[in-house]
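Novice: Residue numbers (our numbering), protein chains in the order written: chain P, 1 to 493; chain S, 1001 to 1160; chain F, 2001 to 2102. Ideal placement from N, C-alpha and C gives every residue a C-beta, glycine not left out.
1. For residue 129 (chain P), return the contacting residues in chain F, with the cut-off set at a CB-CB distance below 8 Å.
2. Just how far apart, CA to CA, sit residue 2034 (chain F) and residue 404 (chain P)?
3. Count the other CB atoms within 10 Å of the CB of residue 460 (chain P); is the residue buried (16 or more) or exposed (fewer)?
4. Considering only residues of the same chain and omitting the five flanking positions on each side of residue 425 (chain P), which have a CB-CB separation below 7 Å?
5. Buried or exposed: where does residue 1001 (chain S) fall if 16 or more other Cβ atoms within 10 Å of its Cβ makes it buried?
6. Cβ closer than 7 Å: which chain F residues qualify as neighbours of residue 159 (chain P)?
7. Between the C-alpha atoms of residue 339 (chain P) and residue 355 (chain P), what's the straight-line distance to the nearest angstrom?
8. Counting Cβ pairs, one atom from each stretch, are 3 or more of them under 8 Å apart for the segment 317-335 of chain P and the segment 384-393 of chain P?
9. Taking residue 1145 (chain S) as the query, report the chain F residues whose CB atoms sit under 8 Å from its CB, ordered along the chain.
10. In chain order, which alpha helix (DSSP H) runs of at least 4 residues are fully inside the segment 11-74 of chain P?
11. In three-state terms, what does DSSP make of residue 2084 (chain F)?
12. Residue 983 (chain S) touches chain F at which residues, Cβ-Cβ below 7 Å?
13. Taking its Cβ as the centre, do 16 or more other Cβ atoms sit within 10 Å of residue 70 (chain P), making it buried, or is it exposed?
14. Hey, could you find the ends of the alpha helix (DSSP H) residue 197 (chain P) is sitting in?
15. From which residue to which residue does the alpha helix (DSSP H) around residue 342 (chain P) run?
16. Looking at the C-beta of residue 114 (chain P), does it have a partner C-beta in chain S at a distance below 7 Å?
17. So, at 8 Å on beta carbons, what are the nonlocal neighbours of residue 1029 (chain S) in its own chain, with the 5 sequence-adjacent residues on each side left out?
18. Any beta-carbon of chain P closer than 7 Å to the one on residue 1134 (chain S)?
19. Kindly indicate which residue of P:314, P:284, P:363 has the alpha-carbon position closest to the one of residue 272 (chain P).
20. If I'm right that residue 319 (chain P) touches residue 481 (chain P) with Cβ under 8 Å, what's the distance once you round it to whole angstroms?
21. From P:93, P:43, P:306, pick the residue whose C-alpha is nearest to that of residue 74 (chain P); which is it?
22. Alpha carbons only, please: which of S:1011, S:1123, S:1092 is nearest the one belonging to residue 1031 (chain S)?
23. From residue 86 (chain P) to residue 1016 (chain S), what distance separates their C-alpha atoms?
24. Name the one or two DSSP bridge partners that residue 127 (chain P) has.
25. Do you know whose CA, among P:29, P:22, P:46, lies nearest residue 4 (chain P)'s CA?
26. Since residue 142 (chain P) and residue 247 (chain P) are thought to touch, with beta carbons under 8 Å apart, how far apart are those beta carbons, to the nearest angstrom?
27. Cβ of residue 1022 (chain S) less than 7 Å from any chain P Cβ?
28. Put residue 354 (chain P) into one of helix, strand or coil per three-state DSSP.
29. Using a Cβ cut-off of 9 Å, which residues of the segment 77-103 of chain P contact any Cβ in chain F, in chain order?
30. Can you give the Cα-Cα distance for residue 212 (chain P) and residue 256 (chain P), rounded to whole angstroms?
31. Could you give the first and the last residue of the continuous alpha helix (DSSP H) run that contains residue 2003 (chain F)?
32. Quick check: the Cα distance between residue 1008 (chain S) and residue 1118 (chain S), rounded to an integer number of angstroms?
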């Protein structure tokens, strides 16, 4: 019952206000986390058997009657469901302690679950307009979640995020309308077949440009990234983790990739554009991250940079490049989620995000320091952590496809990434203990537990990278490398 | 067709008025009139459901929300808009209209389209059976909006 | 595509452009959101006009209605944000929101 991925969070969100009335903390905590844990388990256990025979279009039935829902489940969407569920669960666990002081936990969890439902809904959509609808579901929930603290900074960041995001969405709908006008259809299979029949290069190029603008803005690719360095730091830490770790990838990278690779087909022009947008984001954001004093702001710029890496990898178009890009998407979701969570622990303990004010926290918060180090090294691409393997795949793919210059730039940017992460680690955790923090304690149980969980996953995937790749990444990459056939073949109805 | 074109021109004019007028309340009303015109345009396109929705929801509900917000944020001092904009906006806009017209004229017949198939069923069938997933999305987005408002207007017990 | 489609797209594009121009030029928060509404009108006009051109008005109306419902949720959230910002800064000027550099 894959529909559960959307319906379960929505139903639980619906009853959360009631639960919140009965019990301020325990019942909402329990409901939200149990829901997400159930989804993680379901994705891990049942998911793969459903797609054993190739991509499927699931049609759920209600009391014997089939409903007109066609959920597209294939290697790529299952992979995304897994990523969303795991990081979503970890951040939710973190929220048990972190969101204590924000008030109204039930409403928070309700918004959070709606955002999860929106992301899952987007991933399972097999129809261009439905992609837009669930994109907006997750987006509306995220606007309120960014502003959740109701402080000046949060409200300002949320407002700017909203304004830019809505313009992006408008362009997505415009592109969908043009495609609809040409092919008369909205579902992936019919559109793919229709476009192939029409051979309307220039118009598809314009629609692609609109999609690039809209989804590029959601993914915060340079030059559409201006909203992210304000929104992600201002949001509460678990929300920053989900935004950076999941939302920009689901609404931005997944939507773009699904449409460009499986519906339009990756033309050389599109590939070049994606690769250039990727490399520019990678480099520019890395430089911008260097000068940051605010811990979360630095992480935000790093997200822009790493999304550039992902888009670069997928843009190459070769199976190896796509696999590398997807693997990096997963690793970054885990690691960046982890880093934002630890930054939340630090912020809660010290009351500041300013790296210059911190120092020597490792002595008082050893677990947080350790998990932060794992996350930092993972993103920087240090072996044997997971980030190393995904970056390696992308670089090898670049060389193999004849883009040696890109590969050199990517490697240099990685060195830069390593540099500013080590800087962050040193400033915050190592060095002399700043006298101000002498009385600081380690983060509360659920906060440390969730960060340890993500850190263990980073290490585990780093060690068992080849089995992770074969089980989760390769099926996803195969679907994308198949191009149009993935949707027109066994999906067609 | 002439009436339709006149209505469309009216729509654009009122939308521009909504953007340019200084008084917020007048802006909101101009927007409502624009929505009304759009609703009528939809009716004449043989899209009565869209027209009814546009008029009742956008011209009605959204205008009410705007007026409510305007009332709740009445300041003594007005936000001073740039004077340059009042000159620059029409100029740039007219320039765009000209380019727009030329582009559209040039594109006529250039965009290929597959022959349209016949549409079966009633509106209810299409909405409930063909676009069921969108309905789930609608429920989700309404939940998102409701919880967003609840979250943004919640009572803070202690100040932190 | 029928010729009338291009007529509608002409007006839809004009609306979207007017909205974007307003977003760049205006300073009042509520005004900025009215510009977003104008963009929304352009897009819903585009949707229904495309349905008219493909003789699939029923589907296009379903799309337009969904779009309007999403718009309502968006308006509610955005106006809630604006009211909160007003409570903080006692002003609706977007230049007051220049603390973060982006």
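Specialist: Looking at the coordinates:
1. What residue 129 (chain P) touches in chain F: 2063, 2066.
2. Those two C-alpha atoms are separated by around 49 Å.
3. Exposed.
4. Closer than 7 Å at Cβ, skipping near neighbours: 372, 373, 376.
5. Residue 1001 (chain S) comes out exposed.
6. Chain F residues near residue 159 (chain P): 2081, 2085, 2097.
7. Computed Cα separation, rounded: 14 Å.
8. Cβ pair count under 8 Å is three or more, so yes.
9. When 8 Å is used as the limit between beta carbons, residue 1145 (chain S) is near these residues of chain F: 2072, 2073, 2074, 2076, 2077, in chain order.
10. The alpha helix (DSSP H) runs lying completely inside the segment 11-74 of chain P and spanning 4 residues or more are 26-45, 47-50, given in chain order.
11. When DSSP states are grouped into helix, strand and coil, residue 2084 (chain F) belongs to the helix group.
12. Coverage of chain S is limited to positions 1001 through 1160, which leaves residue 983 (chain S) absent and any answer about it impossible.
13. Residue 70 (chain P) is buried by the Cβ-count criterion.
14. That run of the alpha helix (DSSP H) goes 188-198.
15. 319-350 is the span of the alpha helix (DSSP H), which, as asked, contains residue 342 (chain P).
16. It does: the Cβ of residue 114 (chain P) has a partner Cβ on chain S nearer than 7 Å.
17. Excluding five sequence positions before and after residue 1029 (chain S), the CB atoms of its chain that fall closer than 8 Å to its own CB belong to 1063, given in chain order.
18. At least one CB of chain P lies nearer than 7 Å to the CB of residue 1134 (chain S).
19. Measuring C-alpha to C-alpha distances from residue 272 (chain P) to each of P:314, P:284, P:363 identifies P:314 as the nearest.
20. At roughly 4 Å, the Cβ-Cβ gap stays under 8 Å, so residue 319 (chain P) and residue 481 (chain P) are in contact.
21. That would be P:43, whose Cα lies nearest to the Cα of residue 74 (chain P).
22. Ranking the options by Cα distance to residue 1031 (chain S), first place goes to S:1011.
23. Rounded to whole angstroms, the separation of the alpha carbons of residue 1016 (chain S) and residue 86 (chain P) is 47 Å.
24. BP columns for residue 127 (chain P) point to P:187.
25. Among P:29, P:22, P:46, the Cα nearest to that of residue 4 (chain P) is on P:46.
26. So it is a contact: roughly 6 Å between Cβ atoms.
27. Output row for residue 1022 (chain S): interface = no.
28. In this structure, DSSP gives residue 354 (chain P) an extended state, which the three-state scheme calls strand.
29. Listed in sequence order: no entries.
30. Residue 212 (chain P) and residue 256 (chain P): Cα-Cα distance of roughly 7 Å.
31. Unbroken alpha helix (DSSP H) run through residue 2003 (chain F): 2003-2025.
32. Those two C-alpha atoms are separated by around 28 Å.
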